[in-house]
Amino acid sequence: MEVSLARYQSISFDQIQNSCRFPSSIHKVFTAKPLFSGFCSRFSRRKWGNPFDTIKCFSLERGLQPQRPKPKPSRNTNPEWKETKETQIKTPSVGLCSQIQKLALCNRYREALELFEILELEGGFDVGSSTYDALVSACIGLGSVRAVKRVFNYMVSNGFNPDQYMSNRVLLMHVKCGMMIDARNIFDEMPEKNLVSWNTIISGLVDIGGYLEAFRLFLLMWEEFSDCGSRTFATMIRASAGLELISVGKQLHSCAVKTGLGEDIFVSCALIDMYSKCGSIEDAQWVFDDMPEKNTVGWNSIIAGYALHGYSEEALSMFYEMRDSGVKMDHFTFSMIIRICSRLASVEYAKQAHAGLIRYGFGSDIVANTALVDFYSKWGRIEDAKHVFDRMPCKNTISWNAVIAGYGNHGRGAEAVELFEQMFREKMRPNHVTFLAVLSACSYSRLYERGWEFFQSMSRDHKIKPRAMHYACMIELLGQEGLLDEAFALIRAAPFQPTANMWAALLTASRVNGNLELGKFAAEKLYGMEPEKLSNYVVLMNIYNQSGRLKEAAAVLQTLRKKGLRMLPVCSWIEVNKRSHVFFSGDKSHVQTDEIYRKVDSLVHQISKRGYVPEQKTLLPDVDEQEQRILLYHSEKLAVAFGLLNTMNKSPLQIVQTHRICNDCHNAIKLIALVTRREIVVRDASRFHHFKHGNCSCGDYW
DNA sequence: TTAGGGTTAG
Numbered sequence: 011m012e013v014s015l016a017r018y019q020s021i022s023f024d025q026i027q028n029s030c031r032f033p034s035s036i037h038k039v040f041t042a043k044p045l046f047s048g049f050c051s052r053f054s055r056r057k058w059g060n061p062f063d064t065i066k067c068f069s070l071e072r073g074l075q076p077q078r079p080k081p082k083p084s085r086n087t088n089p090e091w092k093e094t095k096e097t098q099i100k101t102p103s104v105g106l107c108s109q110i111q112k113l114a115l116c117n118r119y120r121e122a123l124e125l126f127e128i129l130e131l132e133g134g135f136d137v138g139s140s141t142y143d144a145l146v147s148a149c150i151g152l153g154s155v156r157a158v159k160r161v162f163n164y165m166v167s168n169g170f171n172p173d174q175y176m177s178n179r180v181l182l183m184h185v186k187c188g189m190m191i192d193a194r195n196i197f198d199e200m201p202e203k204n205l206v207s208w209n210t211i212i213s214g215l216v217d218i219g220g221y222l223e224a225f226r227l228f229l230l231m232w233e234e235f236s237d238c239g240s241r242t243f244a245t246m247i248r249a250s251a252g253l254e255l256i257s258v259g260k261q262l263h264s265c266a267v268k269t270g271l272g273e274d275i276f277v278s279c280a281l282i283d284m285y286s287k288c289g290s291i292e293d294a295q296w297v298f299d300d301m302p303e304k305n306t307v308g309w310n311s312i313i314a315g316y317a318l319h320g321y322s323e324e325a326l327s328m329f330y331e332m333r334d335s336g337v338k339m340d341h342f343t344f345s346m347i348i349r350i351c352s353r354l355a356s357v358e359y360a361k362q363a364h365a366g367l368i369r370y371g372f373g374s375d376i377v378a379n380t381a382l383v384d385f386y387s388k389w390g391r392i393e394d395a396k397h398v399f400d401r402m403p404c405k406n407t408i409s410w411n412a413v414i415a416g417y418g419n420h421g422r423g424a425e426a427v428e429l430f431e432q433m434f435r436e437k438m439r440p441n442h443v444t445f446l447a448v449l450s451a452c453s454y455s456r457l458y459e460r461g462w463e464f465f466q467s468m469s470r471d472h473k474i475k476p477r478a479m480h481y482a483c484m485i486e487l488l489g490q491e492g493l494l495d496e497a498f499a500l501i502r503a504a505p506f507q508p509t510a511n512m513w514a515a516l517l518t519a520s521r522v523n524g525n526l527e528l529g530k531f532a533a534e535k536l537y538g539m540e541p542e543k544l545s546n547y548v549v550l551m552n553i554y555n556q557s558g559r560l561k562e563a564a565a566v567l568q569t570l571r572k573k574g575l576r577m578l579p580v581c582s583w584i585e586v587n588k589r590s591h592v593f594f595s596g597d598k599s600h601v602q603t604d605e606i607y608r609k610v611d612s613l614v615h616q617i618s619k620r621g622y623v624p625e626q627k628t629l630l631p632d633v634d635e636q637e638q639r640i641l642l643y644h645s646e647k648l649a650v651a652f653g654l655l656n657t658m659n660k661s662p663l664q665i666v667q668t669h670r671i672c673n674d675c676h677n678a679i680k681l682i683a684l685v686t687r688r689e690i691v692v693r694d695a696s697r698f699h700h701f702k703h704g705n706c707s708c709g710d711y712w
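So, in structure tokens, the structure goes:
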């Protein structure tokens, strides 16, 4: 029985599983024994099913019954192609055409299109496939929708009758310039489609996130050709990564292996990416280890995988392995490494990556430079971040977002707002992240009116719907002005169910403004939404304690213990002389422990003269004396003391920590920055604190 | 014959 997908539109899932059979050629491929033992052992635990059953059923489950396109007559039926101008075709200007071709070959696309304007003005030339091919390259190179429209319009109005090759090129031109509706029309109207046509349209769909439609077309393609190459596999594996469906990715993997493409370099790279994006870094590593020849993309993919899973150290060590293996590093590699350094606060490695970026000729890469802007601003060097930003030859919305967020995080809200406005003057379109950056900047710098103005303009002028994080920023902004009723009203007015972030922002606002009733209300909401999150219990307990309701506080503590929730050890780290030094609270494992503790004591003594009094209150009511003492030696204080002991230069000390900074440490570090005249940057679990001249960029609101 | 595939930044 041949497969006819239309038959399955009204039958059940089980029926499909029982009756679906592929044409013999496909069947043979799918039922063949695994080709090599490594793969077999890896997957032997799972049922060795028909790879396409899963994909097909998965599509059908979502109501994606594949429908064949209507049969086409052999001639080109595209109505636009048929609109041939009834004019006499003139002889092409040979010199002009060859000039356009040469310019396109040298990637001088803009000039090629400028010459094309002469043809457009005169009209009526049949310039031939070679010139059209060059113009297609120019449009793709520039990614210009306007250019595509001009070229396509010229082709249609001058009666160009494309062959299979040129039809595919025209299709690709639309796909690469993001004109997917036009591309789809061209594809549907194509009289003859070959594997390249199918791959082109499917890849375009995957690019824009149309994964389900890509799978639908993939099934139709398979039905037509009973075959597909490594390109198709790579694209469909990318689609399964987009859907985060590891089961579908594994079926494609098995299928690729059975068709002899298991070790194909493109398939392997796509698999590494898919496995890591679907949460299995072990499988990604296995595919990587099995690559007969590891190329740049393979290395980049596995490094990205480790970075994605938060294994930054492992990612860095893979990077050094890559460098030692002699494989060429590219702008992807450097962009990732800079981002990893930014997360680890690893200054030395970031400097090396910055130097490598320039040495290898990627100094003007937009992604790497944006990562650098982010890195320098997180390192406390906002002027350096601005310097990199200003020197970027081209900038996109993401680059602007990075620099605006940088200024905002440093408490320089007015400059962030100025950059935001400059962005408009330079005709750059903001997105939801831009608004998050500017709202957050307004909130840090207490620019209440500007923040409110921007929040309102989001949907009114820019058609960007505020998300939960935008609401959380506004709640914070209102909280800083003491406008708790307005903050609560904003939560109630949100057109969606309030999220934990929004309640957390209201809780902070209530705590800072001393409104225990509202705080309790928000904390209880949080407690209900995230019952496994320990910090919510602690906050609620703290609120009960503060309002003198000790019985309720004790009940919360009991629930916490019954659930077996325990404090995870928190730590802070700082990089000095190319080495990261990690500290836990009360930690005495460091070789310089005695010196560090003496330094903390001396710093505490110094800042006591400026009014510092160690906090006696703790979050947990039954905390003992020893734990109370640990407060004096919290991990961030140890990291600061270590940094001051071991660095002489004026660079900011950069400390990263796994937890939120406590009130006591915040007060202490603020004064330490004042008495030592050093800038200290602390990135805690929720925000960025830039301590300078006895102040903090957060304005003591966190 | 040509053409179509995989990895980065906020």
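In this text, residue positions in the first sequence follow the numbering used here: the first is 11, and each later residue adds one.
Note that beta-carbon positions come from the ideal geometry of N, C-alpha and C, so glycine has one too.
{"Asked": "For Glu585: DSSP bridge partner residues", "Found": "Ser590"}
{"Asked": "Other residues of its chain near Glu324: CB distance less than 7 Å, five sequence neighbours each side excluded", "Found": "Tyr316"}
{"Asked": "Ile690, enclosing beta strand (DSSP E) - first and last residue", "Found": "690–693"}
{"Asked": "Local Cβ density within 10 Å of Gly489, reported as buried at 16 or more and exposed below that", "Found": "buried"}
{"Asked": "His591 and Phe652 closer than 9 Å at C-beta", "Found": "yes"}
{"Asked": "Reference Gly220; option with closest CA among Ser520, Ser311, Ser352, Thr245", "Found": "Thr245"}
{"Asked": "Spatially closest choice to Ser453 from Val443, Gly421, Glu428, by CA coordinates", "Found": "Gly421"}
{"Asked": "Rounded Cβ spacing between Asp340 and Thr380 (contact assumed at less than 8 Å)", "Found": "Wrong, their Cβ atoms sit about 16 Å apart, outside the cutoff."}
{"Asked": "Cβ-based neighbour list, Thr509, same chain, cut-off 7 Å, excluding 5 preceding and 5 following", "Found": "Ala478"}
{"Asked": "Buried or exposed by the 16-neighbour rule on C-beta atoms within 10 Å, applied to Phe740", "Found": "As displayed, the chain neither begins before 11 nor continues past 712, which places residue 740 out of reach and without an answer."}
{"Asked": "Residues bridged to Leu663 (per DSSP)", "Found": "Ile690"}
{"Asked": "Three CB pairs or more closer than 8 Å across the region 157–167 and the region 120–132", "Found": "yes"}
{"Asked": "Inter-residue Cα distance where the pair is Leu303 and Ile275", "Found": "Note that residue 303 is Glu in the sequence shown, not Leu. Using only the alpha carbons, I get a separation of about 8 Å."}
{"Asked": "Cβ-Cβ separation, Ile348 to Phe372 (assumed contact under 8 Å), whole Å", "Found": "Actually they do not touch by this definition, with Cβ atoms about 11 Å apart."}
{"Asked": "Residue burial classification, Gln261 (beta-carbon count within 10 angstroms, cutoff 16)", "Found": "buried"}
{"Asked": "Best match in Leu145, Trp389, Met231 for proximity to Glu585 [C-alpha to C-alpha]", "Found": "Trp389"}
{"Asked": "Nonlocal neighbours in the same chain, by C-beta distance under 6 Å from Ser213, ignoring five residues either side", "Found": "Thr245"}
{"Asked": "Cβ separation of Phe225 and Ala249, assumed to be a contact under 8 Å, to the nearest whole Å", "Found": "6 Å"}
{"Asked": "Cβ-heavy atom distance, Gly489 to the ligand FMN, below 8 Å", "Found": "This structure simply doesn't include the ligand FMN, nor any ligand for that matter."}
{"Asked": "Proximal residues to Leu318 (C-beta, below 6 Å), its chain only, five neighbours per side dropped", "Found": "Ser286"}
{"Asked": "Presumed contact (8 Å Cβ cut-off) between His442 and Ile408, rounded CB distance", "Found": "Actually they do not touch by this definition, with Cβ atoms about 12 Å apart."}
{"Asked": "Of the residues Gly524, Glu540, Gly492, Glu491, the one placed nearest Trp513, counting alpha carbons only", "Found": "Glu540"}
{"Asked": "Which of helix, strand or coil DSSP assigns to Cys238", "Found": "coil"}
{"Asked": "Alpha carbon of Thr242 to alpha carbon of Met284, nearest angstrom", "Found": "15 Å"}
{"Asked": "Of the listed residues Ala378, Trp309, Asn310, Ile414, nearest to Pro403 (C-alpha basis)", "Found": "Ala378"}
{"Asked": "8 Å contact criterion, which His703 and Leu684 should meet: CB distance rounded", "Found": "6 Å"}
{"Asked": "Close Cβ partners of Ala695 (< 8 Å) along its chain, the five nearest in sequence each way excluded", "Found": "Gln667, Thr668, His669, Arg670"}
{"Asked": "Cross-strand partners of Phe701 (DSSP beta bridge)", "Found": "Ile690, Cys706"}
{"Asked": "DSSP state of Phe170 mapped onto helix, strand, coil", "Found": "coil"}
{"Asked": "Pro505, buried or exposed, once every other Cβ within 10 Å from all chains shown has been counted against 16", "Found": "exposed"}
{"Asked": "9 Å Cβ cutoff met for Ala451 and Ala415", "Found": "yes"}
{"Asked": "Inter-residue Cα distance where the pair is Gly138 and Pro201", "Found": "20 Å"}
{"Asked": "Residue range of the unbroken alpha helix (DSSP H) whose run includes Met328", "Found": "322–335"}
{"Asked": "Continuous beta strand (DSSP E) assignments of at least 3 residues falling wholly in the region 412–460", "Found": "none"}
{"Asked": "Nonlocal neighbours in the same chain, by C-beta distance under 8 Å from Thr87, ignoring five residues either side", "Found": "Note that Thr87 scores 42 on pLDDT, short of 50, meaning its location in the model is unreliable; the coordinates nonetheless yield the value given after this. Closer than 8 Å at the Cβ level, and outside the excluded window around Thr87, lie Glu199, Pro201."}
{"Asked": "Leu449 and His472 closer than 9 Å at C-beta", "Found": "no"}
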